Amino acid sequence: MLRSLILSASNRCFLSCPGCYNHFGQHVAAAGDVVSFVRLLHARIPLRKLTVGGGDPLTRPDIIELLAGLRHLGLRIHLDTVGSAFLGSAPIRFRGHGSVPQVDASVVARLVDLVGIPLDGSTDEVFRRFRRFASVAEQESVLDVLADAGATICVNTVVHQGNHDDVPRIAAILGTHPQVREWQLFQFMPIGPLGYRNRHGYQISEAVFDAAVRNLQGTVPATVRIVAKSASSRKHRYLLMDSAGMLWTPRQQGGGAWTITDANDDRATCGTIEDPSTLDRLAAIFAPDVPRQRRRSYDRV
Numbered sequence: 042m043l044r045s046l047i048l049s050a051s052n053r054c055f056l057s058c059p060g061c062y063n064h065f066g067q068h069v070a071a072a073g074d075v076v077s078f079v080r081l082l083h084a085r086i087p088l089r090k091l092t093v094g095g096g097d098p099l100t101r102p103d104i105i106e107l108l109a110g111l112r113h114l115g116l117r118i119h120l121d122t123v124g125s126a127f128l129g130s131a132p133i134r135f136r137g138h139g140s141v142p143q144v145d146a147s148v149v150a151r152l153v154d155l156v157g158i159p160l161d162g163s164t165d166e167v168f169r170r171f172r173r174f175a176s177v178a179e180q181e182s183v184l185d186v187l188a189d190a191g192a193t194i195c196v197n198t199v200v201h202q203g204n205h206d207d208v209p210r211i212a213a214i215l216g217t218h219p220q221v222r223e224w225q226l227f228q229f230m231p232i233g234p235l236g237y238r239n240r241h242g243y244q245i246s247e248a249v250f251d252a253a254v255r256n257l258q259g260t261v262p263a264t265v266r267i268v269a270k271s272a273s274s275r276k277h278r279y280l281l282m283d284s285a286g287m288l289w290t291p292r293q294q295g296g297g298a299w300t301i302t303d304a305n306d307d308r309a310t311c312g313t314i315e316d317p318s319t320l321d322r323l324a325a326i327f328a329p330d331v332p333r334q335r336r337r338s339y340d341r342v
C-alpha cells in the first residue's frame, strides 16, 4: 500500500543533475492549494510520510508558508534539499536564472521532522559526476548550519556507476559530522526524461548496489541509521506531485521486482489537484497492497 507522497515543491534547482528522475512542472501551484489537496488526500489514503523535494524546494519563494501548512496535517514531513540557500544567497542553475535569498535553517528545522542533504561522493570530482555545480565542502557547511539550527539530519546518496566504490569514503566524511542521524543509500533508477536518457552512465545492478552496502561494514558511526533502498524496494511505493499540481507515478510493470522494462522516461498521470475526481482515482489505484521487497534498515552496518 502507498505510504509516501513526494511533492516536487519547485521547478527550479541550484544544481543540474543529469541523472534526475523528475518530471518538472511548467509552473508552481499556490501553497494553499497544495496543502488543501494533501489534506483531502490524506483523508482518503493512509499516508505516513510526505517528502518535500524539487527541483529544490528552497528555490520556492513561499517555502516557509508551504511547510507551515503541511506541518499541521498529521504526516511525517521530510525536506530534501541541496541546502545552498541555508548558507546565503544562492544562484539558480537549472530551469531558471537569478538567485534565491538566504533561507533561515532554524525556521525550517522547526517545521519538518527530517532534512535530507545529498552527498554522492567524497571528492568534488566524484560528487559532480551526478550533481553538477556541487561541492563536498559546501555540503559539509550545510550540515554544520543545520546542526546549529537543531535539525534532524539525513544524508542521501544515489549509488551509481561513478561512485559505488566511493561509498566507504563517503562514510568517513559522515564520521566527522556526528549530527547526522540517518544515511539513505538509493540504487540509481533509470527513470524520468534525464535519468532515462543518461542511464548508461549511471545504472548498476542490484548485486553491485548490495556489494556497495556490504562494503560499509565497520565504517559507519554507531549513531547513524543506515537505510539501503534498492530499485525493487521503491517500485510502486511512491506517488509524486509535480510543482504544477500534476499527480503521477513512474510507468512500471506489475510485480515487486525491478525489470528492464521499468527503465523508461514515461509516467502514468493520475490527475491534477484542481480536478475533484483525482481523489477518487487515486483511492482506487492505491487501495491494493503491493508487497515490499528488498528494503533494508540497519542500526549499524
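Heads up: the sequence shown begins at 42 in my numbering, then just goes up one per residue.
Even glycine gets a Cβ: it sits at the ideal position worked out from N, Cα and C.
Everything numeric in this text was worked out from a predicted model, so none of it was measured.
Original post:
Do you know whose CA, among Gly66, Phe135, Val76, Leu116, lies nearest Ala54's CA?
Top reply: First, the residue type needs correcting, since residue 54 is Cys and not Ala in the sequence shown. The shortest C-alpha separation from Cys54 is found at Phe135.
Subject >> Val156 in three-state terms, based on DSSP >> reply: In the three-state scheme derived from DSSP, where H, G and I count as helix and E and B as strand, Val156 is classed as strand.
Subject >> Ala309 vs Trp289 beta-carbon contact at 8 Å >> reply: The Cβ atoms of Ala309 and Trp289 sit closer than 8 Å to each other.
**OP:** At 4 residues or longer, and completely inside the stretch 96-124: list those alpha helix (DSSP H) runs for me, N to C.
**Re:** Whole alpha helix (DSSP H) segments, 4+ residues: 104-112.
**OP:** Rounded to whole angstroms, what's the CA-CA distance from Ala212 to Ser318? Just pull it up for me.
**Re:** Looking at the two C-alpha atoms, the distance is approximately 46 Å.
**OP:** Using the Cα positions of Leu111 and Val76, report the straight-line distance between them to the nearest angstrom.
**Re:** Across the structure, Leu111 and Val76 are spaced so that their CA atoms are roughly 6 Å apart.
**OP:** Hey, could you find the ends of the alpha helix (DSSP H) Val186 is sitting in?
**Re:** Its alpha helix (DSSP H) spans residues 177-189.
Subject >> Gly73, buried or exposed, once every other Cβ within 10 Å from all chains shown has been counted against 16 >> reply: Burial check for Gly73: the Cβ neighbour count within 10 Å stays below 16, so the residue is exposed.
**OP:** Please classify Ser147: does DSSP put it in a helix, a strand, or coil?
**Re:** Residue state, collapsed to three classes: helix.
Original post:
According to the neighbour-count rule (16 or more other Cβ atoms, all chains shown, within 10 Å of its Cβ), is Pro132 buried or exposed?
Top reply: Classification for Pro132: exposed.
Subject >> His277 versus Ile326 - alpha carbon distance >> reply: A straight line joining the alpha-carbon of His277 with that of Ile326 spans about 11 Å.
Original post:
How big is the Cα-Cα spacing for Met230 and Val249?
Top reply: Between Met230 and Val249, the C-alpha separation is close to 13 Å.
Subject >> Beta-carbon contacts of Cys61 that lie in its chain and below 7 Å, excluding the five residues immediately before and after >> reply: Answer for Cys61: Gly233, Leu235, Gly236, listed in chain order.
**OP:** Could you tell me the distance, in whole angstroms, from the CA atom of His64 to the CA atom of Leu257?
**Re:** Using only the alpha carbons, I get a separation of about 32 Å.
Subject >> Cβ neighbours of Arg89 in the same chain (closer than 8 Å, five flanking residues each side left out) >> reply: The residues are Arg44, Ser45, Leu116, Arg117.
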